[in-house]
Amino acid sequence: MKKGYIPQNQRKKILLMCDDIRTHSGIGTVAKEVVLHTAHHFNYVNVGAAINHPEAGKRLDLSQSTNEEAGINDASVILYPSSGYGNPDLVRKMIATEKPDAIFIITDPRYWSWLFQMEAEIRTKIPIIYLNIWDDYPAPRYNEAFYESCDLLMGISKQTVNINKIVLGEKAKGKIIEYVPHGLNHEIYKPLEKSNPELVKFKKRLFKDKEYDFVAFYNSRNIRRKQIPDTIWAFKQFVDKLPLEKAKKCALLLHTQKVDPNGTDLPAVIDMLCGDDERYNILFSEDRLTVEQMNLLYNSTDVQIQLTSNEGWGLSLTEAMLVGNPIVANVTGGMQDQMRFEDNYGRWIDFNESFPSNHRGTYKKCAPWAFPVFPSSISIVGSPATPYIFDDRCEASDAADQLLKVYNLDPEVRKSFGLMARQWATGDEAGFTSERQGERVIEHVEKLFETWKPRARYELVKSTPLKKKVVQHNLVY
1144 MKKGYIPQNQ RKKILLMCDD IRTHSGIGTV AKEVVLHTAH HFNYVNVGAA
1194 INHPEAGKRL DLSQSTNEEA GINDASVILY PSSGYGNPDL VRKMIATEKP
1244 DAIFIITDPR YWSWLFQMEA EIRTKIPIIY LNIWDDYPAP RYNEAFYESC
1294 DLLMGISKQT VNINKIVLGE KAKGKIIEYV PHGLNHEIYK PLEKSNPELV
1344 KFKKRLFKDK EYDFVAFYNS RNIRRKQIPD TIWAFKQFVD KLPLEKAKKC
1394 ALLLHTQKVD PNGTDLPAVI DMLCGDDERY NILFSEDRLT VEQMNLLYNS
1444 TDVQIQLTSN EGWGLSLTEA MLVGNPIVAN VTGGMQDQMR FEDNYGRWID
1494 FNESFPSNHR GTYKKCAPWA FPVFPSSISI VGSPATPYIF DDRCEASDAA
1544 DQLLKVYNLD PEVRKSFGLM ARQWATGDEA GFTSERQGER VIEHVEKLFE
1594 TWKPRARYEL VKSTPLKKKV VQHNLVY
């Protein structure tokens, strides 16, 4: 029997609103892992979104498949497929018919503005739970009403927890705000022996019978903030530091779309930088793969690289660490958590108003599996919906230097660093596993149920002039 087991007829029911938990999107993957590792404690109704969902309007029972995957026998998981995240009428219908004890939402707050606008109506009946993340500072005062609409804020990164507290200010005292980092299935993402027959066959097909001594791996979308051109440029500069014969045995593997209107034309970038020079091996993997195939892909490579200019977490780094690979990453957002920077007392760093981020290099000492690239430019960018956010740009040349450091390690030492990453990620301090993520969700949601009080139907608010939303933390530190 699983720890925290509650019989089905005694469980609280949660209305989970996010991507369809059967999809392979980042949000869908995280939501599925939450459900699988808490279905012995909570019952779920998932309003599962997808673009033009082919099953929209149906009611599907996923209880049996959840039982099989979670190793239990009495899950209750109902799916309502939806073309979009929902609307007020759908929420009212779900509350009336499914009678949930809480609403649990995941993804960018702008997708939930309609839900936050009806929070007073909802929270007279049930609380709102938000598993949230924010990519960078300055702390988004424009999100204040969103955060204020929630009763439990679970921040995926340490930076997000700090942002939630800063933005809410005194109002944070009436909320539960906790750290719940991403957790993945470490029984799927795991190291494989080089002689593993399935891995040998996979690598032969992936690399078209060519053998490489060193493969850097990028796995994420082709969008602007991911800085893939800089990643390619960094690889080129790294290769340029090697003799020709050694250079020809290195490769950069890009698991992404070659061309995307949200990003750029990557083959054109490669042509501009590399031409037909035989020393530059830049390969693409565009097929949709199962998680088991993704594990083979990670095991086919030697180091993960992620130079995103603002990144909430960086799931590909977590996947690489669980497989036992070191990481080269820009010091920004949740990627900092995974590098385990230490303060002057050897403690895993945390953030506050005076020290909101380590992107300026306040602390340099980090875990041996991490090869950080500190931003050389921190600028403020924005859009009407998100008026300001830091853009933390690192130099491709600095990333190239870190790739060279990883390359120059003895392969056994390099692998030992990667295995240390897995040990830490699966251990008590980090707990970047599905099981630990589930335990944290149960702990914090139960705390919410124990302490939550419904909102009054009406509230008298003193009318005062609006105050300017001035930043509430240091911008230079």
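Numbering (the numbering used here) for the sequence shown: 1144 to 1620.
Note that the Cβ used here is the ideal one computed from N, Cα and C, for glycine as well.
Predicted model, so just to flag it, every value in this text is computed and none were measured.
Check whether residue i and residue j have beta carbons under 8 Å apart
| i | j | result |
| --- | --- | --- |
| Leu-1233 | Ile-1248 | no |
| Gly-1298 | Ile-1265 | no |
| Pro-1372 | Thr-1407 | yes |
| Thr-1461 | Leu-1547 | no |
| Val-1474 | Phe-1514 | no |
| Trp-1456 | Ile-1164 | no |
| Gly-1147 | His-1196 | no |
| His-1329 | Thr-1576 | yes |
| Tyr-1290 | Pro-1499 | no |
| Asp-1251 | Lys-1155 | no |
| Leu-1439 | Phe-1345 | yes |
| Leu-1295 | Leu-1591 | yes |
| Ile-1331 | Val-1434 | yes |
| Gln-1580 | His-1325 | yes |
| Ser-1497 | Tyr-1620 | yes |
| Ser-1226 | Gln-1151 | no |
| Asn-1501 | Gln-1479 | yes |
| Tyr-1285 | Pro-1530 | yes |
| Ile-1521 | Asp-1535 | yes |
| Ile-1215 | Lys-1145 | yes |
Run of the beta strand (DSSP E) containing residue i, from where it starts to where it stops
| i | result |
| --- | --- |
| Asn-1473 | 1470-1473 |
| Lys-1515 | The residue you asked about is not Lys; residue 1515 is Pro in the sequence shown. Where Pro-1515 is concerned, the enclosing beta strand (DSSP E) stretches over 1513-1516. |
| Pro-1524 | What sits at residue 1524 in the sequence shown is Val, not Pro. Looking at the DSSP string, the run of the beta strand (DSSP E) that includes Val-1524 is 1520-1524. |
| Phe-1533 | 1532-1536 |
| Leu-1426 | 1425-1427 |
| Gln-1449 | 1446-1449 |
Local Cβ density within 10 Å of residue i, reported as buried at 16 or more and exposed below that
| i | result |
| --- | --- |
| Arg-1235 | exposed |
| Ala-1192 | buried |
| Val-1549 | buried |
| Lys-1612 | exposed |
| Asn-1189 | buried |
| Ser-1452 | buried |
| Thr-1374 | buried |
| Met-1437 | buried |
| Val-1446 | buried |
| Leu-1222 | buried |
| Tyr-1639 | Beyond the ends of the chain as shown, which are 1144 and 1620, falls residue 1639; an answer cannot be given. |
| Lys-1369 | buried |
| Glu-1454 | buried |
Unbroken alpha helix (DSSP H) run spanning residue i, endpoints
| i | result |
| --- | --- |
| Phe-1560 | 1554-1568 |
| Gln-1436 | 1434-1442 |
| Gly-1467 | Per DSSP, Gly-1467 belongs to no alpha helix (DSSP H) and is neither H nor E. |
| Trp-1257 | 1256-1259 |
| Ala-1239 | 1231-1240 |
| Val-1343 | 1340-1349 |
| Ser-1500 | Ser-1500 -> no alpha helix (DSSP H), and no H or E assigned at all. |
| Gln-1380 | 1371-1382 |
| Gly-1476 | That residue, Gly-1476, is in no alpha helix (DSSP H); it is neither H nor E in DSSP. |
| Leu-1547 | 1539-1551 |
| Gly-1171 | 1169-1179 |
| Ile-1269 | Unbroken run through Ile-1269: none, as it is neither H nor E. |
| Glu-1291 | 1287-1291 |
DSSP bridge partner residues for residue i (one or two, in chain order)
| i | result |
| --- | --- |
| Tyr-1148 | In the DSSP output, where bridge partners are listed per residue, Tyr-1148 has none listed. |
| Met-1160 | Val-1190 and Ile-1248 |
| His-1398 | Asn-1362 |
| Asp-1485 | In the sequence as displayed, the identity of residue 1485 is Glu instead of Asp. Glu-1485 is bridged to Trp-1491. |
| Pro-1224 | Gly-1191 |
| Gly-1636 | Lying outside 1144 to 1620, the shown extent of the chain, residue 1636 is not represented and no answer is given. |
| Phe-1575 | DSSP output for Phe-1575 lists no bridge partner at all. |
| Lys-1155 | Phe-1185 |
| Phe-1592 | None, per the DSSP bridge assignment. |
| Phe-1357 | Cys-1393 |
| Leu-1603 | Looking at the DSSP assignment, Leu-1603 forms no beta bridge with any residue, so it has no partner. |
| Asp-1408 | Val-1402 |
| Leu-1327 | Thr-1576 |
| Asp-1204 | Ile-1221 |
Residue i beta carbon near the ligand ATP (any heavy atom closer than 7 Å)
| i | result |
| --- | --- |
| Phe-1427 | The ligand ATP is not part of this structure, which contains no ligands at all. |
Stretch pair the segment 1535-1542 + the segment 1375-1384: three plus CB contacts closer than 8 Å: As far as the Cβ criterion goes, the segment 1535-1542 touches the segment 1375-1384, which means the pair count is three or higher.
At least three beta-carbon pairs within less than 8 Å, the segment 1266-1279 to the segment 1465-1472: No, because fewer than three Cβ pairs between the segment 1266-1279 and the segment 1465-1472 fall closer than 8 Å, the two stretches do not touch.
Three or more C-beta pairs below 8 Å linking the segment 1354-1373 and the segment 1313-1333: Because the criterion of three Cβ pairs below 8 Å is not met, the segment 1354-1373 and the segment 1313-1333 do not touch.
Segment contact flag, the segment 1386-1398 with the segment 1419-1430, C-beta cutoff 8 Å, min 3 pairs: Result yes; three or more Cβ-Cβ pairs closer than 8 Å.
Any 3 or more C-beta pairs closer than 8 Å across the segment 1402-1422 and the segment 1284-1304: No, because fewer than three Cβ pairs between the segment 1402-1422 and the segment 1284-1304 fall closer than 8 Å, the two stretches do not touch.
The segment 1580-1596 in contact with the segment 1308-1317 per 3-pair CB rule at 8 Å: Contact fails: fewer than three Cβ-Cβ distances are below 8 Å.
The segment 1480-1488 contacting the segment 1502-1513, beta-carbon criterion three pairs below 8 Å: For the pair of segments examined, the segment 1480-1488 was found to touch the segment 1502-1513: the number of CB pairs separated by less than 8 Å reaches three.
Meets three-Cβ-pair contact criterion under 8 Å: the segment 1407-1419 and the segment 1328-1345: Contact fails: fewer than three Cβ-Cβ distances are below 8 Å.
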